[in-house]
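These notes concern the structure reproduced below.
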Amino acid sequence: MTVQAGELDSTFANDGKLDWAFPEFVSIAPQVVLPLADGRLLVVANESGVFPGFVVARLTEKGQLDVGTGFGENQQGFARILTGEKLLSGKFGASLLSNGGLLVTVDYMSQPPSYESGFIAIQLLPDGRLNDGFGEDGVVTFPYGSVPVTLSRAATAARARQNVSRNTKPAVQSTANSGASGIELPDGKIVLVYFGFDDVAQQTKGLVMRLNPDGTFDGTFNKIGSATVELAELGPAGDNAARGLAVQADGSLVVYGDFHDEGTFGTYAVRFTKDGVRDDKFKTAIVSSDRLPIFRDIAVRKKDGIIALIGGQNGEGFLEGEGVIVVLSADGSPHPLFNNGQPLCTKVVPEIGQNWSSCAFGDLDESKLMVAGTSGGGFATDEMHAVCARYRLTGELDPTFNGSGWVSFDQAEKLENSLDLHVTAQNKIVICGEYWKDRMSFATSGWIARFIA
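Given below as structure tokens:
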């Protein structure tokens, strides 16, 4: 049987669709899905509401729990990770580590009386256990506070420990784990992005941090282990936050985020050198309008460093959305071939449009850009569903993908919200997300879909 690009992959789960419901553990929905080289999947799923834990599951290439092969307690194929008194909230970020483990980032808040909030970085070993050589029992805590970030108790405790030895050198960061708020570098160090408050300037600023493999701050990165995102384009009242990053082949860090400046909203991308210094050779990319554009993911093409930034903005109508795609040359200048060097703001879904949430370069030569997102704009509607599209690097939809360049994932009596997309080594597109009962509810369960790329 001949299969076409854009079709669901019938060899995965139930004709290409996996409803996230396992009797072995309790969780809501897969928030991150990361393909391994052999086609298996590592999945990070949240628990109900604000909870001190989450689940990481490893699935076979067919979408079943990977039981008996060494992952999880008693090799059960999943691991439940608990974070003590910290209550987790918001969307998880995750990326693969060179040793086969996992780096997970997520916001937290503490219970009374401290009410502390911030984010945590967690390292898991390849078998799903916490890496006790990283931070405090596998966790480094970053309370929200002043810039530069101060060492948390976990990082301070870890400082006395020697760096964890690395037997293998990771490859240069690829689209398989780009766009998360934390990534591993080729030398085993970790880079994270967040935001902090500058007491002197009285501004919130994007924050880039580099950690040693043991979770301590790397003093060779901007001399203090962290650097702030300064946007000369903003006035003294302007605030910005860093949301994600990717690394180029020479070790440069491309960081994206969003800003607010006296009623003006927009999104940006900047670059830091591997030493933590702002790279003035990289042209700051800014997209700003009254439609509130925002970047939500980034991908860097391995062979030439081309950068794709994707997200969305409000459409003309109250419930409409427009996908936003910006493609830059490696030096930050607009790529002249993609939409004539201009941001591409378009509706793929008729009438209501869509916002993109994740992206990856795909096809064997990375000549296509895959994007996934959710129909509509910033508010849920009764027609909400997941969308996946394939673009040529001219900015045109690729009609050889499902005949139109895009495909919907829309199940009866459910609303779908798309969260993450990756392209596997076998040239399959894997997407995960949430099911909502109706537009007034929160996520009740989740799904994973796999398409032919």
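To get my numbering, take the position in the sequence shown, counting from 1, and add 1. For glycine and all other residues, C-beta sits at the position ideal for the given N, C-alpha and C.
Query	Result
Which residues does DSSP list as the beta-bridge partners of I449?	L19 and C433
What residues in its chain sit with their C-beta under 8 Å from that of E25, if we drop five residues either side in the sequence?	L66, Q77, G78 and F79
According to DSSP, is N340 helix, strand or coil?	helix
Hey, out of S49, V271 and P214, whose CA is closest to G134's CA?	P214
Can you say whether P36 is buried or exposed, counting buried as having 16 or more other CB atoms within 10 angstroms of its CB?	buried
Whose C-beta lies closer than 7 Å to the C-beta of T1 among residues of the same chain, with five residues either side of it excluded?	What is shown of the chain runs 2 to 454, which leaves residue 1 out entirely.
Who are the near neighbours of S49 in its chain, counting only those whose CB is closer than 7 Å to its CB and skipping five residues on each side?	I29
Which residues mark the beginning and the end of the beta strand (DSSP E) in which A6 is found?	A6 -> no beta strand (DSSP E), and no H or E assigned at all.
Which runs of the beta strand (DSSP E), 3 residues or longer, sit entirely within the region 259 to 313?	265 to 273, 286 to 289 and 295 to 301
Under 7 Å between the Cβ atoms of A243 and V255?	no
Give me whichever residues DSSP pairs with L398 in a beta bridge.	Y392
Should the region 305 to 312 be regarded as contacting the region 210 to 224, the criterion being three or more beta carbon pairs within less than 8 Å?	no
Using C-beta distances below 7 Å, list every residue in its chain close to F260, excluding the 5 sequence neighbours before and after it, in chain order.	L232, L235, G239, D240, N241, G267 and Y269
Beta strand (DSSP E) containing S227: first to last residue?	S227 to V230
Compute the Euclidean distance between the alpha carbons of D10 and P351, then round it to the nearest angstrom.	25 Å
In terms of residue numbering, what span does the beta strand (DSSP E) encompassing I82 cover?	F79 to L83
In chain order, what residues of the same chain lie with their CB nearer than 6 Å to the CB of G73, ignoring the 5 residues before and after it?	F79, A80 and G129
By Cβ distance, which residues of its chain are closer than 6 Å to F402, with the 5 residues on each side in sequence left out?	A6, G7 and R391
Helix, strand or coil: how does DSSP classify E74 here?	helix
Find out if the Cβ-Cβ distance for the pair A14, G85 is shorter than 7 Å.	no
Please list the terminal residues of the continuous beta strand (DSSP E) segment that includes L193.	I191 to D199
S111 bridges to which residues according to DSSP?	K87
Per DSSP, what kind of secondary structure is I326 in: helix, strand or coil?	strand
From the DSSP secondary-structure annotation, give me the bridge partner or partners of I121.	V107 and T142
Starting from T221 and walking both ways along the beta strand (DSSP E), at which residues does that stretch end?	Note, T221: premise wrong, no beta strand (DSSP E); not H, not E.
Who pairs with Q65 in a beta bridge, going by DSSP?	Bridge partners of Q65: none, in fact.
Could you check whether G252 and K224 sit closer than 7 Å to each other, using their CB atoms as the reference points?	no
Give the range of the beta strand (DSSP E) segment to which M210 is assigned.	Q204 to L212
Look up D421 in the DSSP assignment and give the residues it is bridged to.	C433
Would you identify the three-state DSSP class for V34, choosing helix, strand or coil?	strand
Within its chain, find whatever has a CB closer than 8 Å to the CB of G54; leave out the 5 residues flanking it on each side and keep chain order.	E48, R81, I82, L83, T84 and L89
Please report the straight-line C-alpha distance between F296 and K282, rounded to a whole angstrom.	22 Å
So, with DSSP's three-state summary, where would you put M371?	strand
Could you tell me the distance, in whole angstroms, from the CA atom of A286 to the CA atom of V271?	7 Å
Select from W437, S358, Y436 and T425 the residue whose C-alpha is nearest the C-alpha of E62.	T425
With DSSP as the reference, identify every bridge partner of V57, one or two as the case may be.	V45 and A80
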